[in-house]
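Novice:
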Amino acid sequence: DHLLLRCSFSRKVWCLLLNLFGVSWIMPKSVIDMFWSWEGMRIRRDKKTAMDSSPLCLVWCLWMERNMRTFEGNEQSADMFKSSFLNLLHFWVEYSFPVYVDTFMDFVGSFRL
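Residue numbers for the sequence shown follow the numbering used here, beginning at 8 and rising by one.
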């Protein structure tokens, strides 16, 4: 739970994600609680597809970052990590639901930045 929710790096990227969707939220106690809480959130219909995919995508990216830091001795800056996360989320949404969004810029522009 600490690695995926509580450490300062994770908290920053979770805040980014929540801000993208315009959501105010108190972080749950555990990863499982987070997934349950996420399921019940209300969001605009046009953002639902990305919203449903985003927590799993972020957990995946955090785990990959952890592996890179632990096993390769490399780390991304917070800005680079955010960019990598948004690119992967766009890829997931675009290839799972091809009619949802046209370009990466449209995808990012559809959020509340």
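We treat Cβ as the ideally placed atom computed from N, Cα and C, and that holds for glycine.
Do the CB positions of residue 73 and residue 10 come within less than 9 Å of each other?
Specialist: Yes, the Cβ-Cβ distance between residue 73 and residue 10 is below 9 Å.
Novice: Just how far apart, CA to CA, sit residue 81 and residue 71?
Specialist: Using only the alpha carbons, I get a separation of about 11 Å.
Novice: On the criterion of 16 or more Cβ atoms from any shown chain inside 10 Å, does residue 17 qualify as buried, or is it exposed?
Specialist: By the neighbour-count rule (16 or more Cβ atoms within 10 Å), residue 17 is buried.
Novice: So, is residue 104 buried or exposed, given that buried needs 16 or more other C-beta atoms within 10 angstroms?
Specialist: By the 10 Å Cβ count, residue 104 comes out exposed.
Novice: Just reading off the alpha helix (DSSP H) that residue 64 is part of, what are its end residues?
Specialist: Run containing residue 64: 55-74, per the alpha helix (DSSP H) assignment.
Novice: Tell me whether residue 34 sits in a helix, a strand or coil according to DSSP, three-state version.
Specialist: Reduced to three states, the DSSP call for residue 34 is coil.
Novice: Out of 99, 96 and 28, which has the shortest C-alpha to C-alpha gap to residue 49?
Specialist: Residue 49 has its Cα closest to that of 28, out of 99, 96 and 28.
Novice: Hey, how far is the Cα of residue 43 from the Cα of residue 15?
Specialist: Near 22 Å, if we compare the C-alpha coordinates of residue 15 and residue 43.
Novice: In this structure, how does DSSP classify residue 77 when only helix, strand and coil are distinguished?
Specialist: Note: residue 77 maps to helix in three-state DSSP.
Novice: Would you mind sorting residue 3 into buried or exposed? The rule is 16 or more other CB atoms within 10 Å of its CB.
Specialist: Absent from the structure is residue 3, since the part of the chain shown begins at 8 and ends at 120.
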